[in-house]
Amino acid sequence: MSVVISPSILNCDFGHFADELARISTADYVHVDVMDNHFVPNLALGLPLVEAAVHASPVPVDAHLMIEDPDRWAPVYAEAGCASVTFHAQAASAPLRLAREIRAQGRRVGLALRPATGIEPYVDIFGEFDMILVMTVEPGFGGQSFIESMMPKVSRTRKAIRDAGLDVWVQVDGGVSRSTIEKAAQAGANNFVAGSAVYRAEDAAAEVEALRQLAAPHVH
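Under this note's numbering, the first residue of the sequence shown is numbered 1088, with each subsequent residue one higher.
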């Protein structure tokens, strides 16, 4: 399993959006956080900006929908050209049906779990997803500190995937940096969302490569 680096644009300079996307051309995905000020206490990055990212980004778009009613809206983001669409387990009324609808459009689909949301109710449908996102902060704001107590949850997620013989990525999002990425990789993550660490670096491409090199020895 390969290391996947997905910089989050939440902290980028939106006044120079195309240039900011070009800075991460060596990444695997660009992670776009969509927030509705209902599911999380913040409002950010709706469909028009996601569509702009799809057209301008040198790498595929990974949309993270922190919104209510993803059953209605997630397919719209797939139709807009996002390569991967992730919705939160607690927000979806029919997560399995929604996952199949997104996959039917030829997109990858992810299931996101907030820090207090256990994996157990969802283990039996992991095979319906391409990725499980274990949040390592409470969703809603960039720049938060990594919650290290989520690492056992990451490990349980990876074990459940391996025990079922599935090819499913484990993504971590929140506080990922040079000082935390190895812990997440050792726990079983292979897809890493890094926002502040990348966009506050003087050389974003070099930071992407540094994170990749730190994670690589631990991802199998």
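Every residue gets a Cβ at the ideal spot worked out from N, C-alpha and C, and that includes glycine.
Where residue i falls: helix, strand or coil (DSSP)
i: residue 1132; result: coil
i: residue 1266; result: coil
i: residue 1199; result: strand
i: residue 1150; result: strand
i: residue 1219; result: strand
i: residue 1312; result: The question about residue 1312 has no answer here: the residues shown for the chain are numbered 1088 through 1307.
i: residue 1260; result: strand
i: residue 1126; result: coil
i: residue 1210; result: helix
i: residue 1279; result: strand
i: residue 1233; result: coil
Segment limits, alpha helix (DSSP H) that includes residue i
i: residue 1248; result: 1238-1250
i: residue 1301; result: 1291-1302
i: residue 1106; result: 1104-1109
i: residue 1162; result: 1157-1166
i: residue 1095; result: First-last for residue 1095: undefined, no H or E at that position.
Exposed unless 16 or more other CB atoms sit within 10 angstroms - verdict on residue i
i: residue 1245; result: buried
i: residue 1218; result: buried
i: residue 1182; result: buried
i: residue 1206; result: buried
i: residue 1101; result: exposed
i: residue 1088; result: exposed
i: residue 1212; result: exposed
i: residue 1093; result: buried
Closest Cα partner of residue i within the set the options
i: residue 1134; options: 1150, 1239 and 1175; result: 1150
i: residue 1141; options: 1154, 1165, 1123 and 1158; result: 1165
i: residue 1153; options: 1143, 1123, 1304 and 1147; result: 1123
i: residue 1203; options: 1184, 1239 and 1138; result: 1239
i: residue 1271; options: 1172, 1298, 1126 and 1255; result: 1298
i: residue 1107; options: 1305, 1289 and 1303; result: 1289
i: residue 1157; options: 1304, 1139, 1177 and 1146; result: 1177
i: residue 1138; options: 1220, 1127, 1233 and 1121; result: 1121
C-beta contact flag for residue i and residue j at 9 angstroms
i: residue 1224; j: residue 1275; result: no
i: residue 1263; j: residue 1281; result: yes
i: residue 1267; j: residue 1294; result: no
i: residue 1179; j: residue 1194; result: no
i: residue 1216; j: residue 1186; result: yes
i: residue 1131; j: residue 1285; result: no
i: residue 1226; j: residue 1261; result: yes
i: residue 1312; j: residue 1214; result: The structure shown does not extend to residue 1312, since the chain is modelled only from 1088 through 1307, so no value can be given for it.
i: residue 1175; j: residue 1159; result: no
i: residue 1277; j: residue 1090; result: yes
i: residue 1220; j: residue 1163; result: no
Limits of the beta strand (DSSP E) - the one that residue i falls within
i: residue 1178; result: Unbroken run through residue 1178: none, as it is neither H nor E.
i: residue 1284; result: Unbroken run through residue 1284 is the alpha helix (DSSP H), 1283-1286; no beta strand (DSSP E).
i: residue 1121; result: 1117-1123
Minimum Cβ-Cβ distance from residue i to chain B less than 9 angstroms
i: residue 1286; result: Protein chain content of the structure displayed is limited to a single chain, and chain B is not contained in it.
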